[in-house]
Amino acid sequence: MAEAARSARAGKAPKRDAGILVIGLGRFGSAIAATLDRLGQDVLAVERDPDLVAQWTGRIPLVEADAANPEALEQLGAREFSVAVVGVGSYLEASVLITGNLVDLGTPQIWSKAISTEHARILQRIGAHHVVLPEADAGSRVAHLVSGKMLDYIEVEDGFTIVKMRPPRETQGFTIGQSKIRERYGVTVIGVKSPGIDFVYATPETRISTNDLLVVSGHTDLLERFAARP
């Protein structure tokens, strides 16, 4: 922390190798911080609520501080972190202030939680690199899962999606090349998981069986049509 302060005073970019800063220990932030810590990542959580601090003390590395105060961020060495996650979503003013403080510090990657599209738009405008709407994202994902044969659904970006699904009846018993899935439906089978057998990356010679699971990528609309096949 002292090294970062000296570098800042000298006009040099501080070394950003302290790990990941997670601000806010609500359900969203605490899940991220605890998971990162379990995965062996260097993580520091910041929370201003004494009750939440007491709840998480001894479980993850954390400090009690108000990240909406730029001086507090400086004191805890926020400049040293290359990634910061702003898990404060319910309090719009605090969310915006904290994200803005991190932008002012030049944090290379800022992930901020939003609770509405308007909130997300504000965060993007002030400089958040990634904005997450957990409830909207979860709702969209569940809607896709309950409406068809998709067993898992991950939208990557700009409509590009990866799904796990049961194979349509017309593909069962045929190789991927014979089924011409790419030519007919515009989606790509990445891999196939057969019961009791390890996952294999798909080739045109990979044969699809009734009980297989397919991992398929493509545009969301095309995947929905493919998954809707009987």
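In our numbering, the protein residues as written are 580 to 809. A virtual CB, placed ideally from N, CA and C, is assigned to each residue, including glycine.
*Alpha carbon to alpha carbon, how far is arginine 808 from methionine 744? Give it in angstroms, no decimals.*
Counted from its first residue, the sequence shown places residue 744 at position 165. Counted from its first residue, the sequence shown places residue 808 at position 229. Cα to Cα, the separation comes out at about 11 Å.
*asked:* Quick check on the burial criterion: 16 or more other C-beta atoms within 10 angstroms. Buried or exposed for arginine 658?
replied: The residue labelled residue 658 in the question sits at position 79 within the sequence shown. Counting Cβ neighbours within 10 Å, arginine 658 comes out buried, since at least 16 surround it.
*Beta-carbon proximity of valine 625 to isoleucine 602, cut-off 7 Å*: Working through the sequence shown from its first residue, we reach residue 625 at position 46. Working through the sequence shown from its first residue, we reach residue 602 at position 23. Yes; because the gap between Cβ atoms is below 7 Å, this pair is in contact.
*Report all residues from its chain with a CB closer than 8 Å to the CB of tyrosine 780; omit the five preceding and five following residues, and keep chain order.*
In the sequence shown, counting from the first residue as 1, residue 780 sits at position 201. The residues are Ile769 and Gly770.
*Could you check what DSSP says for leucine 712 in three-state terms: helix, strand or coil?*
Along the sequence shown, read from residue 1 onward, the residue named residue 712 stands at position 133. Correct three-state label for leucine 712: coil.
*Around the C-beta of arginine 627, are 16 or more other C-beta atoms found within 10 angstroms, so that it is buried, or is it exposed?*
Residue mapping note: residue 627 aligns to position 48 of the sequence shown, counting from 1. Buried, because 16 or more other Cβ atoms sit within 10 Å of the Cβ of arginine 627.
*With DSSP collapsed to three states, give me the class of glutamine 688.*
Within the sequence shown, residue 688 is the residue found at index 109, counting from 1. If DSSP states are grouped into helix, strand and coil, glutamine 688 belongs with the strands.
*Are the CB atoms of isoleucine 639 and alanine 612 nearer to each other than 7 Å?*
As a working mapping, residue 639 is identified with position 60 in the sequence shown. As a working mapping, residue 612 is identified with position 33 in the sequence shown. Yes.
*Rounded to a whole number of angstroms, what is the C-alpha to C-alpha distance between arginine 585 and asparagine 648?*
As a working note, residue 585 is residue 6 in the sequence shown. As a working note, residue 648 is residue 69 in the sequence shown. Confidence is the limiting factor: at arginine 585 the pLDDT is only 35, short of 50, which leaves the residue's position unreliable, though a coordinate-based value still follows. Cα-Cα distance, rounded: 20 Å.
*Taking the alpha-carbon positions, what's the aspartate 621 to tryptophan 635 distance?*
Locating residue 621 in the sequence shown gives position 42, where the first residue counts as 1. Locating residue 635 in the sequence shown gives position 56, where the first residue counts as 1. In a straight line, the C-alpha of aspartate 621 is about 16 Å away from that of tryptophan 635.
*Grouping DSSP H, G and I as helix and E and B as strand, with all else coil, what is valine 725?*
Sequence index remark: in the sequence shown, residue 725 carries index 146 (1-based). Valine 725: helix per DSSP, three-state reduction.
*How is the beta strand (DSSP E) around isoleucine 769 delimited, first residue to last?*
As a working mapping, residue 769 is identified with position 190 in the sequence shown. Looking at the DSSP string, the run of the beta strand (DSSP E) that includes isoleucine 769 is 767 to 772.
*Pair every Cβ in the segment 729 to 736 with every Cβ in the segment 704 to 715, then say whether three or more of these pairs are closer than 8 Å.*
no
*Can you tell which of Ala693, Ile701, Arg704 and Gly706 has its C-alpha closest to the C-alpha of alanine 715?*
Taking the first residue of the sequence shown as position 1, residue 715 is located at position 136. When only C-alpha atoms are compared, the closest one is Ala693.
*From this set, Leu684, Gly706, Gln751 and Lys772, which residue's C-alpha is nearest alanine 646's C-alpha?*
Counted from its first residue, the sequence shown places residue 646 at position 67. The candidate whose alpha carbon is nearest that of alanine 646 is Leu684.
_Separation of threonine 678 from methionine 729, as counted between CA atoms_ = The count along the sequence shown starts at 1 and reaches residue 729 at position 150. The count along the sequence shown starts at 1 and reaches residue 678 at position 99. Looking at the backbone, the Cα of methionine 729 and that of threonine 678 are separated by about 36 Å.
*With distances taken from CA atoms, which of Asn790, Ser609, Ser719 and Ser674 is nearest threonine 799?*
For the purposes of this step, residue 799 is identified with residue 220 of the sequence shown, where counting begins at 1. Nearest of Asn790, Ser609, Ser719 and Ser674 to threonine 799, Cα basis: Ser719.
*From this set, Ile776, Gly765 and Thr785, which residue's C-alpha is nearest glutamine 757's C-alpha?*
Residue mapping note: residue 757 aligns to position 178 of the sequence shown, counting from 1. The shortest Cα separation from glutamine 757 among Ile776, Gly765 and Thr785 belongs to Thr785.
*Could you check where the beta strand (DSSP E) with alanine 663 kicks off and where it finishes?*
The residue labelled residue 663 in the question sits at position 84 within the sequence shown. First-last of the beta strand (DSSP E) with alanine 663: 662 to 665.
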